[in-house]
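Chains as they are written, first to last, in our numbering: chain A, 17 to 131; chain B, 102 to 215. Worksheet: one structure, shown below.
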Amino acid sequence: GAGVSQSPRYKVAKRGQDVALRCDPISGHVSLFWYQQALGQGPEFLTYFQNEAQLDKSGLPSDRFFAERPEGSVSTLKIQRTQQEDSAVYLCASSSLTTVWETQYFGPGTRLLVL
Amino acid sequence: AQSVAQPEDQVNVAEGNPLTVKCTYSVSGNPYLFWYVQYPNRGLQFLLKYITGDNLVKGSYGFEAEFNKSQTSFHLKKPSALVSDSALYFCAVRDTLAGQNFVFGPGTRLSVLP
């Protein structure tokens with residue numbers, strides 16, 4: 017079956033531009049997560065959705081970051097007025113249940129480079 | 102607060118030899134522990150997890166991990182390393198008293214030499 021997909025795979029933006037990153041989770045998965053992975057580091061949590069509800073956005077680094085999942089499936093992470101420090105790989109993950117022991121399945125990531 | 106440490110940035114092992122990638126954690130509640138592997142330009146792939154029960158957990162590709170509550174460790178092991186095991190390995194923890202998200206360690210790069 018299809019796994020988690022993300023698009024675009026690579027994005028180059030000029031400083032100050034807005035970008036939108038898309039995540040298609042595994043069909044039927046209730047939970048969706050966004051993580052940011054800086055070069056040479058482990059992923060860091062950004063935000064969590066259960067269906068269409070954004071239950072935790074404590075990891076979003078600033079109000080320039082915004083995420084939505086309006087119909088409880090596809091999610092979009094938007095970054096406004098990009099800065100060079102936003103350059104990272106953005107990973108999306110989904111899981112079928114909401115229990116804390118549930119495995120998260122990750123997409124390939126979107127590599128964002130802000131010039 | 103939850104945290105994960107992977108004390109070794111890099112582990113080198115000869116093909117055929119046993120390998121260990123170390124992980125220690127800190128949580129407030131009960132830990133749920135995971136290992137993921139990341140190949141270049143690819144997302145994280147799930148290897149195994151500890152929820153409860155037997156402290157020795159077996160996972161994909163011949164990997165296993167041992168949960169040690171007293172030492173707060175969850176080291177990843179494999180009896181005989183393959184060159185194809187060379188990749189970046191991440192330990193992650195979820196805390197029953199915290200949110201739904203994982204907290205990841207910084208990663209350990211494993212190089213298996215032929």
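Using N, Cα and C, we set each Cβ at its ideal position, and we do this for glycine too.
Problem - SER161 (chain B) versus PHE81 (chain A): straight-line alpha-carbon distance, rounded - result: Cα-Cα distance, rounded: 35 Å.
Exercise for the section: For chain B, find out if any of its Cβ atoms is closer than 8 Å to the Cβ of GLN70 (chain A); answer yes or no. Expected result: Not a single CB atom of chain B sits nearer than 8 Å to the CB of GLN70 (chain A).
Problem - Under 8 Å between C-beta atoms of TYR140 (chain B) and PHE168 (chain B) - result: Against a cut-off of 8 Å, the Cβ pair of PHE168 (chain B) and TYR140 (chain B) comes out as no contact.
Problem - CB contact flag (ARG25 (chain A), THR126 (chain A), <8 Å) - result: ARG25 (chain A) places its beta carbon less than 8 Å from that of THR126 (chain A).
Problem - Three-state secondary structure (DSSP) of VAL46 (chain A) - result: In this structure, VAL46 (chain A) counts as coil in the three-state DSSP scheme.
Exercise for the section: Taking only beta carbons into account, state which residues of the region 36-51 of chain A come closer than 9 Å to chain B, listed in chain order. Expected result: Within the region 36-51 of chain A, SER47, PHE49, TYR51 place their CB atoms closer than 9 Å to a CB of chain B, listed in sequence order.
Practice task
Between the Cα of GLY55 (chain B) and those of B:LYS123, B:LYS159, B:VAL158, B:PRO119, spot the shortest distance and give me the residue it belongs to.
Solution key: Since the first residue of chain B shown is 102 and the last is 215, residue 55 (chain B) is not available in this structure.
Practice task
Quick one: grab the DSSP three-state call for ASP72 (chain A).
Solution key: Correct three-state label for ASP72 (chain A): strand.
Practice task
Answer with buried or exposed for PRO108 (chain B), where buried requires no fewer than 16 other C-beta atoms within 10 angstroms of its C-beta.
Solution key: Exposed.
Exercise for the section: Please say whether TYR106 (chain A) and GLY19 (chain A) have beta carbons closer to each other than 8 Å? Expected result: The Cβ atoms of GLY19 (chain A) and TYR106 (chain A) do not sit closer than 8 Å to each other.
Practice task
Could you tell me whether the Cβ of LYS150 (chain B) comes closer than 8 Å to any Cβ of chain A?
Solution key: Contacts with chain A at 8 Å (Cβ-Cβ) include LYS150 (chain B).
Practice task
Just tell me which of B:GLN111, B:VAL112, B:ALA193 has its CA closest to the CA of TYR137 (chain B).
Solution key: Nearest option by C-alpha distance: B:ALA193.
Handout entry: Own chain partners of THR173 (chain B) with C-beta closer than 7 Å, once the 5 adjacent residues on each side are dropped
Key = In the same chain as THR173 (chain B), and ignoring 5 residues on each side of it, the C-beta atoms closer than 7 Å to its own belong to THR125, TYR126, SER127, in chain order.
Exercise for the section: Go ahead and pull the three-state DSSP assignment for SER185 (chain B). Expected result: In the structure shown, SER185 (chain B) adopts helical secondary structure according to DSSP, grouped into three states.
Practice task
Hey, could you find the ends of the beta strand (DSSP E) TYR126 (chain B) is sitting in?
Solution key: Segment 125-127, the beta strand (DSSP E) holding TYR126 (chain B).
Exercise for the section: Give a yes or no on whether the C-beta atoms belonging to VAL28 (chain A) and LEU129 (chain A) are separated by under 8 Å. Expected result: In this structure, VAL28 (chain A) places its C-beta atom within 8 Å of the C-beta atom of LEU129 (chain A).
Practice task
Could you give the DSSP three-state label for ASP196 (chain B): helix, strand or coil?
Solution key: In the displayed model, ASP196 (chain B) falls within a strand according to three-state DSSP.
Exercise for the section: Indicate the three-state DSSP secondary structure (helix, strand or coil) for SER161 (chain B) in the structure shown. Expected result: SER161 (chain B): helix per DSSP, three-state reduction.
Practice task
Measure the C-alpha to C-alpha separation of GLN33 (chain A) and THR98 (chain A) and round it to an integer number of angstroms.
Solution key: Distance from the CA of GLN33 (chain A) to the CA of THR98 (chain A), rounded to the nearest whole angstrom, comes to 5 Å.
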